[in-house]
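Position 259 (the sequence shown) corresponds to 364 in the working numbering; numbering is contiguous.
Glycine included, every Cβ here is placed at the ideal spot set by N, Cα and C.
All figures in this text were calculated on a predicted structure; none of them were measured in a lab.
Shown next, in structure tokens, is the structure this report addresses.
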Amino acid sequence: MTRLLLGVTLERVCKAVLLLCLLHFVIIVILYFDVYAQHLAFFSRFNSRSSALAQPSPNASRPHGTEAPGPSPQPGANHSSTQQPLPPCQEVPPGLVGRLLIEFSSPMSMERVQRENPEVRAGGKYAPPDCQPRQKVAILIPFRHREHHLRYWLHYLHPILRRQKVAYSIYIINQYGEDTFNRAKLLNAGFLEALRDEADYDCFIFSDVDLVPMDDRNLYRCYEQPRHFAVAMDKFSFRLPYAGYFGGVSGLSRSQFLKINGFPNEYWGWGGEDDDIFNRISLNGMKVSRPDSRIGRYRMIKHERDKHNEPNPQRFTKIQNTKATMKRDGISSLQYQLVEVTRWPLYTNITVDIGKPPPRPARG
Ligand SMILES: *[C@@H]1O[C@H](CO)[C@@H](O)[C@H](O)[C@H]1NC(C)=O
Ligand SMILES: [Mn+2]
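What follows is the structure in structure tokens.
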């Protein structure tokens with residue numbers, strides 16, 4: 106009897122427990138679906154937002170690199186912004202080392218320079234991989250028969266320019282033939298040929314092949330005013346030889362260069378063309394800017410005077426007449442023949458035939 110009673114009670118308890126379990130389960134299921142539904146609603150909102158970002162309206166073309174920051178893309182939701190735009194390079198590059206040891210006594214081979222600069226692309230081109238450079242710079246080197254200088258120049262300059270975080274290309278402007286050398290006319294031709302190679306250079310730096318900066322804080326880029334970089338050369342006892350000196354290494358933006366009608370074409374032989382360029386800058390209301398002389402230091406590779414580059418005896422009278430000549434003589438009147446363009450691993454070789462000096466008028 107008591108056994109039976111006990112059995113019935115046990116059965117009731119079990120049923121109650123079972124019912125409670127069922128109830129619990131139902132509540133959990135309801136709650137689960139509720140949360141899940143909220144999630145669903147959230148994700149559908151999320152997805153529609155990110156796909157709206159991925160599809161700009163047809164006539165709103167955003168400039169490159171200004172993509173609005175949005176949620177990280179859902180797989181398959183969009184395909185147009187998979188690559189994050191690079192941040193702009195810092196105004197002052199963080200990896201500079203300052204004063205450098207420059208010497209030209211240890212032998213230098215092109216193979217070694219190539220081996221030590223694997224980041225440089227064919228034609229002597231480079232852009233920083235980790236930031237968006239502020240300027241794109243064409244470096245133009247007037248050239249003839251100075252291969253051993255070029256090896257040192259490339260050896261020192263490629264690593265310096267990389268640390269300076271600019272996009273750059275190295276162009277050797279090689280004068281064809283053996284007629285009298287003409288540095289400024291070569292540079293005019295280089296300006297046009299560089300732009301034919303890549304149309305978007307902001308800045309042009311004109312460097313002699315035998316000048317190597319001794320400090321990487323001397324930034325190879327363009328400034329508000331035309332720039333003179335080689336302010337303190339060892340051959341001038343690390344001093345500016347005179348206030349209007351603009352020789353060695355200089356840099357002009359594209360618009361600064363065009364404003365002065367480029368460089369003179371009529372300075373054959375050594376000297377004077379840099380003073381003419383200085384005059385063009387002043388006469389057009391600009392002012393040369395320079396780095397501090399403690400930073401603008403240079404070593405020059407010692408050399409004999411080249412053949413066919415004798416001092417130009419007309420240079421003193423010519424620089425008196427810049428004001429009269431600069432409008433007709435310059436990039437607007439340039440004539441030359443392109444002979445050959447060759448892309449080497451560390452530089453682009455552009456050979457141009459710029460002709461020869463006009464015959465001296467007979468004295469009467
Ligand atoms: C550039 O090319 C010219 C013409 O082929 C050649 O004579 C000269 O040696 C080359 N110079 C350099 C530095 O590559
Ligand atoms: Mn020299």
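Contact between the segment 423–431 and the segment 374–392: three or more CB pairs below 8 Å? Enough Cβ pairs lie closer than 8 Å, so yes.
Return yes when at least one heavy atom of ligand 3 lies under 7 Å from the C-beta of L262, else no. For ligand 3, the structure offers nothing, since it holds only ligand 1 and ligand 2.
Using beta-carbon positions only, say whether N279 and R249 come within less than 8 Å of one another. For the purposes of this step, residue 279 is taken as residue 174 along the sequence shown, with counting starting at 1. For the purposes of this step, residue 249 is taken as residue 144 along the sequence shown, with counting starting at 1. Yes, these two residues count as a Cβ contact at 8 Å.
Of the residues P233, R256, Q419, the one placed nearest P466, counting alpha carbons only: Looking up residue 466 in the sequence shown gives position 361. Of P233, R256, Q419, the smallest CA-CA separation from P466 is found for Q419.
At 3 residues or longer, what runs of the beta strand (DSSP E) sit wholly inside the segment 227–293? Qualifying beta strand (DSSP E) stretches, in chain order: 241–248, 272–280.
Under 7 Å: does the beta carbon of W449 sit that close to some heavy atom of ligand 1? Here residue 449 refers to the residue found at position 344 of the sequence shown. Shortest gap from the CB of W449 to any heavy atom of ligand 1: under 7 Å.
Strictly by DSSP, which residues pair up with Q333? For this step, residue 333 is matched to residue 228 along the sequence shown. In the sequence as displayed, the identity of residue 333 is His instead of Gln. DSSP, once it has assigned bridges, lists S355 as partnering H333.
So is the beta-carbon of L363 under 7 Å away from any non-hydrogen atom of ligand 1? What you label residue 363 is simply residue 258 of the sequence shown in a count that begins at 1. The nearest non-hydrogen atom of ligand 1 is 7 Å or more from the C-beta of L363.
Determine the burial state of F421: buried for a count of at least 16 other Cβ atoms within 10 Å of its Cβ, exposed for fewer. Working through the sequence shown from its first residue, we reach residue 421 at position 316. By the neighbour-count criterion, in which a residue is buried when 16 or more other Cβ atoms sit within 10 angstroms of its Cβ, F421 is exposed.
Leaving aside the five residues before and after I207 along the sequence, list all residues of the same chain whose C-beta is less than 7 Å from its C-beta, in chain order. Taking the sequence shown and counting its residues from 1, the one referred to as residue 207 is at position 102. Within the same chain, and ignoring the five residues on either side of I207 in sequence, the residues whose Cβ sits closer than 7 Å to its Cβ are Y261, V317, M319, R404.
Would you say N331 and S355 are within 8 Å of each other, going by their C-beta atoms? Taking the first residue of the sequence shown as 1, we reach residue 331 at position 226. Taking the first residue of the sequence shown as 1, we reach residue 355 at position 250. Residue identity differs from the one stated: residue 331 is Pro in this sequence, not Asn. Going by C-beta atoms, P331 is nearer than 8 Å to S355.
Indicate the three-state DSSP secondary structure (helix, strand or coil) for N454 in the structure shown. Here residue 454 is taken as the residue at index 349 of the sequence shown, counted from 1. The three-state reading of DSSP puts N454 in strand, counting E and B together.
Can you give me the start and stop residues for the alpha helix (DSSP H) that I386 sits inside? As a first step, residue 386 is located in the sequence shown; it is residue number 281 there, counting from the start. Run containing I386: 378–388, per the alpha helix (DSSP H) assignment.
Residue nearest to I310 in terms of C-alpha spacing, selected from K392, F362, G282: Taking the sequence shown and counting its residues from 1, one reaches residue 310 at position 205. Minimum Cα distance to I310 is reached at F362.
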